[in-house]
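Everything in the sequence shown is counted per our numbering, starting at 3 for the first residue and increasing by one.
What follows is one structure encoded as structure tokens, with my remarks underneath.
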Amino acid sequence: MRHQSYTLECTPDAFKARTSASGGLVIVRATTRDAARCGRLWTGVGAGFWTGRVRWSPARWVRHLRQPDVSFWIARSAAETRPDEDVGCFELIRLVRGTKIQGFGLLPPSRGRGLGRDLLTAATMQAFATGARKVWLHTATDDHPAALPNYLAGGYRIVRTRELRNPMPAPTPPPGERRVV
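Laid out in structure tokens, this is it:
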């Protein structure tokens, strides 16, 4: 199997807001008080897809969240059956020519319910609300199978494809946990 990474971009004119029928999401901006929670979400959402920041301490998260060009967003369920349950997250990084979405995704129990389109809509709208004229994100063939189709359906277009030499590494367990063999 070929392993590829994709850089995608979206402009306000191309953006297609989409929502699911699953009750939707409430999006809350994280503060430094949420540092440990951000770490848990980042690790839970990224398990199997990325390994960066897995070993960050809450103090390291606090320093990261204090950066003026960084905003971390927590997605919570708005459904009556799961009120206020954390379901995912995303991070916005303001750049000179736009905003980058990273750390985007849902926790495993929340996948497959259509919430990815709600989360993408929220992340993209938040990025455009800051004045961005372009929004970028990255994905790869090793990402969740619904990721790339979700981005394309939301109005993103592929602007760069790159061949990856190796697939994603095996998930790294969170600090204090060990891999079950």
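We put the CB at the ideal spot given by N, CA and C, even for glycine.
ask   = Which residue from Ala80, Ser59, Ser22, Leu10 puts its Cα closest to that of Asp184?
value = Beyond the ends of the chain as shown, which are 3 and 183, falls residue 184; an answer cannot be given.
message = Quick test of the definition: if touching needs 3 or more C-beta pairs under 8 Å, does the region 25–38 touch the region 63–72?
response = Short answer: they touch.
message = In the DSSP output, which residue or residues are listed as bridge partners for Gln104?
response = Within the sequence shown, numbered from 1, the residue matching residue 104 stands at position 102. Its beta-bridge partners are Glu93.
query = In whole angstroms, what separates the C-alpha of Arg113 from that of Val89?
reply = On the sequence shown, position 111 is the one that residue 113 refers to. On the sequence shown, position 87 is the one that residue 89 refers to. Distance between the alpha carbons of Arg113 and Val89: 9 Å.
message = Within the continuous alpha helix (DSSP H) that includes Gly66, where are the two ends?
response = One-based indexing of the sequence shown puts residue 66 at position 64. The question names Gly, but residue 66 is His in the sequence shown. First-last of the alpha helix (DSSP H) with His66: 60–67.
query = What number of angstroms, rounded off, separates the C-alpha of Pro147 from the C-alpha of Glu87?
reply = The residue labelled residue 147 in the question sits at position 145 within the sequence shown. The residue labelled residue 87 in the question sits at position 85 within the sequence shown. So the two alpha carbons sit approximately 24 Å from each other.
Leu109 - DSSP class collapsed to helix/strand/coil = Stepping through the sequence shown from its first residue, residue 109 is reached at position 107. Here Leu109 sits in coil by DSSP.
key: Inter-stretch contact at 8 Å, needing at least 3 Cβ pairs: the region 8–18 / the region 146–166   = Yes: the two stretches touch, three or more of their Cβ pairs being nearer than 8 Å.
inquiry  = I need the straight-line Cα distance from Gly41 to Arg55, nearest angstrom please.
reply    = What you label residue 41 is simply residue 39 of the sequence shown in a count that begins at 1. What you label residue 55 is simply residue 53 of the sequence shown in a count that begins at 1. Note on geometry: alpha-carbon atoms of Gly41 and Arg55 lie some 8 Å from one another.
ask   = Span of the beta strand (DSSP E) holding Ala142?
value = Indexing the sequence shown from 1 puts residue 142 at position 140. Boundaries of the beta strand (DSSP E) harbouring Ala142: 137–142, taken from the DSSP string.
request  = Following the continuous alpha helix (DSSP H) through Val98, name the residue where it begins and the one where it ends.
outcome  = Within the sequence shown, numbered from 1, the residue matching residue 98 stands at position 96. No alpha helix (DSSP H) contains Val98, which DSSP labels as neither H nor E.
task = State buried or exposed for Ala149, treating a residue as buried only when at least 16 other CB atoms are found within 10 Å of its CB.
result = Counting from 1 along the sequence shown, the entry for residue 149 is found at position 147. Of the residues assessed, Ala149 falls on the buried side of the cut-off, its CB having 16 or more other CB atoms within 10 angstroms.
query = What is the residue span of the beta strand (DSSP E) that Ala134 lies within?
reply = Here residue 134 is taken as the residue at index 132 of the sequence shown, counted from 1. Per DSSP, Ala134 belongs to no beta strand (DSSP E) and is neither H nor E.
query = So which of Arg57, Gln104, Trp138, Ala16 has the shortest CA-CA distance to Ile76?
reply = The residue given as residue 76 occupies position 74 in the sequence shown. If we check each option's Cα against that of Ile76, Gln104 comes out closest.
inquiry  = Rounded to the nearest angstrom, what separates Pro177 and Pro14 at their Cα positions?
reply    = Mapped onto the sequence shown, residue 177 falls at position 175. Mapped onto the sequence shown, residue 14 falls at position 12. Residue confidence for Pro177 is low, a pLDDT of 40 falling below 50, so the modelled location carries little weight; the figure read from the coordinates is stated next. The alpha-carbon atoms of Pro177 and Pro14 are separated by roughly 40 Å.
Cα-Cα separation, Pro110 to Val47 = The residue you call residue 110 lines up with position 108 of the sequence shown. The residue you call residue 47 lines up with position 45 of the sequence shown. Computed Cα separation, rounded: 7 Å.
query = Taking DSSP as the reference, what is the three-state secondary structure of Asp145?
reply = Here residue 145 refers to the residue found at position 143 of the sequence shown. In the three-state reduction of the DSSP assignment, Asp145 falls in the coil class, being assigned neither a helical nor a strand state.
message = Judging by CA-CA distance, which residue of Gly50, Thr45, Phe51 is the nearest neighbour of Arg57?
response = Counted from its first residue, the sequence shown places residue 57 at position 55. Taking each of Gly50, Thr45, Phe51 in turn and checking the Cα distance to Arg57, the smallest one comes out for Thr45.
ask   = Between the beta-carbon of Gly26 and the beta-carbon of Ala80, is there less than 7 Å?
value = For the purposes of this step, residue 26 is identified with residue 24 of the sequence shown, where counting begins at 1. For the purposes of this step, residue 80 is identified with residue 78 of the sequence shown, where counting begins at 1. Cβ distance < 7 Å, so Gly26 and Ala80 count as in contact.
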